[in-house]
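The structure appears below as structure tokens.
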Amino acid sequence: MSAIAPAFDGATSPADIPGSPLSAAFAQPLMLGLFLPIQNGGWSISTLPRGTDWRFDYNARLTTQAEALGFDLVFGLAQWLGKNGHGGALKYREQSLDAFIATSALAAITERILLVSTVHVLYGPWHPLHLAKFGATLDHISNGRWGINLVTGHVASEWAMFGQPMIEHDERYARAAEFVGVLDTLWRSDANLDIRTPRWRLDNAFVSPRPRFHRPVLVNATGSDAGIDYAVRHSDLVFVTSPAGADFADAIGALPAHTAKIREGAARVRRRVRTLINPTIVCRPTEREARAYHDAIVAHADEGALDGFVGMHGRSDAKAWAKHKREQRILGGNLHLIGSPEQIVDQLIALKRAGCDGVQLTFFDFEPDLRYFGEAVLPLLAEAGLRVPAAPVQPSLQASS
């Protein structure tokens, strides 16, 4: 057998297959995702009392609640922090579940919703064959609903935990492209393969079962030129960030050019990707009540944890969050949607018009806030034409023999 150089097949995606879970999600005018708070403190650096909890049982309840509301995907953050996390009274994010394991475990208690795991593929001993096998297994267990948010790591202290020097920004994306090329080649083949790349040598490599819809769902979060070039070539979903910070008016002004850049980049390589953005929603029956809720959250800022969080991200070479202000980090999320249900819907419509194909939502007090979103906002989204009845999903395109 002659050795091959792996190549990512960007021409076919699970979204191209009628009946796949990803195609059903893409059929929604505005996709809805939930960013699970699998780390203590969630996304808000505030000591205002709330029920948000990092533990698995709590996040499992959120996931089944989101699925019952018709959400399209759930997603977990991956991080590597030392004792006390970001510090402060909260010891913000000291306690956290591994996103790969926690999100995958949700397959057993769900039926329709997509499950996206975050993995730092350049840290430590990850081998593409390991992840290809794990991913194929999870694809089988979830009936094609599992996906991977493949991230490269932008914090030097995380690299140091693994005893590794931090790799230069653009080189990280080159290595990620090499890694995912091996994954894709293994997932699509039903033969033994000899694979050669600058960093990987695989002899007689084989992965089973074959994924049900060509391969699992691939996701990336990025904002840099190198990251966008990687994402449009190798991802189905691209998490975008507001180039103008978390203020809604500023974000709406900056997002159209940003999302257009991603669409145009995908078109140049004859692909179509979908973009999602992460708003934190603060919704109450009236704008006055929503503003009061927001102000109470901010008034209880944990300044010590905020110092640690802002300081760490200030030392990162990631470019996507550069315009976010310190005070915007208290509530958290990439941008803030604050108001009555009608105002929230208007803001979501504006995000759609700005080129966002979906939203990955976070809340301050997740369980009651998600419930209120389902009761008060979702019906208005349907009236506005941004949500439609879920498309049917077939169990499999190709089951292994």
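Going by full-length UniProt numbering, the first residue of the sequence shown is number 1, and it counts up by one from there. Virtual Cβ for every residue (Gly too), placed ideally from N, Cα, C.
Item, Value
"Endpoints, the beta strand (DSSP E) within which Gln-39 is located", "Per DSSP, Gln-39 belongs to no beta strand (DSSP E) and is neither H nor E."
"DSSP-derived helix/strand/coil call for Pro-279", "strand"
"Buried versus exposed call for Asn-220 [16 or more other C-beta atoms within 10 Å across all chains shown]", "buried"
"Sheet register partners of Met-31 (DSSP bridge)", "Gly-358"
"Host alpha helix (DSSP H) of Ala-221 (start-end)", "Ala-221 -> not in any alpha helix (DSSP H); beta strand (DSSP E) instead, spanning 217–221."
"Start-to-end residues for the beta strand (DSSP E) that takes in residue 405", "Residue 405 lies beyond the stretch modelled for the chain, which goes from 1 to 401, so this question has no answer here."
"Bounding residues of the beta strand (DSSP E) (the contiguous stretch that carries Ile-330)", "From DSSP, Ile-330 is part of no beta strand (DSSP E) but of the alpha helix (DSSP H) over 328–331."
"Selection from Ser-46, Ser-189, Ala-246, Ala-15 that minimises the alpha carbon distance to Ile-330", "Ser-46"
"Assigned exposure category for Gly-314 - 16 Cβ within 10 Å defines buried", "exposed"
"Whether Gly-87 touches Ala-305 by CB criterion (9 Å)", "yes"
"Neighbourhood of Leu-193 by C-beta distance below 6 Å, restricted to the same chain and skipping five residues each side", "Ala-205"
"Residue environment, Arg-172, which counts as buried when at least 16 other CB atoms sit within 10 Å", "buried"
"Contact under 9 Å by Cβ, Gly-76 with Thr-110", "no"
"Same chain, Cβ closer than 7 Å to Asp-302, five either side skipped, listed in chain order", "Ile-45, Ser-46, Thr-47, Gly-88, Ala-89, Leu-90, Tyr-92"
"Between the CA atoms of Gln-343 and Ala-296 - distance to the nearest angstrom", "20 Å"
"Contained beta strand (DSSP E) runs [length at least 3] in the region 283–353, N- to C-terminal order", "335–339"
"Beta-carbon proximity list for Ile-17, same chain, < 8 Å, skipping 5 on both sides", "Ser-23, Phe-213, His-214, Leu-397"
"6 Å Cβ shell around residue 405 - same chain, five flanking residues per side excluded", "What the structure shows of the chain is the stretch from 1 to 401, and residue 405 is not part of that stretch, so it cannot be assessed."
"Residue environment, Arg-284, which counts as buried when at least 16 other CB atoms sit within 10 Å", "buried"
"The region 125–133 contacting the region 183–190, beta-carbon criterion three pairs below 8 Å", "yes"
"Beta-bridge partners of Thr-118, as assigned by DSSP", "Asn-149"
"CA-to-CA distance, Leu-32 to Arg-50, given in whole angstroms", "23 Å"
"Those residues which DSSP pairs with Val-240 across a bridge", "Ile-277"
"Residues bridged to Phe-56 [DSSP beta-bridge criterion]", "Beta-bridge pairing links Phe-56 to no other residue."
"Start-to-end residues for the beta strand (DSSP E) that takes in Phe-363", "From DSSP, Phe-363 is part of no beta strand (DSSP E); its letter is neither H nor E."
"Among Gly-144, Gly-124, Trp-200, Asp-346, the one whose alpha carbon lies nearest that of Met-166", "Gly-124"
"Start-to-end residues for the alpha helix (DSSP H) that takes in Leu-255", "248–268"
"Distance between beta carbons of Val-119 and Phe-100, contact taken as under 8 Å", "5 Å"
"Rounded straight-line distance, which links the Cα of Arg-271 to that of Thr-259", "15 Å"
"For Ser-104, three-class secondary structure by DSSP", "helix"
"For Arg-201, the first and last residue of its enclosing beta strand (DSSP E)", "201–205"
"Distance CB(Ser-242)-CB(Ala-231) smaller than 9 Å", "no"
"Rounded separation between Leu-36 and Asp-9 - CA only", "30 Å"
"Bounding residues of the beta strand (DSSP E) (the contiguous stretch that carries Ile-228)", "Counting along the chain, Ile-228 falls outside any beta strand (DSSP E), though it belongs to the alpha helix (DSSP H) covering 225–234."
"Phe-179 to Glu-67 span [Cα, whole Å]", "32 Å"
"Length at least 4, wholly inside the region 145–190: the alpha helix (DSSP H) runs in chain order", "156–161, 169–188"
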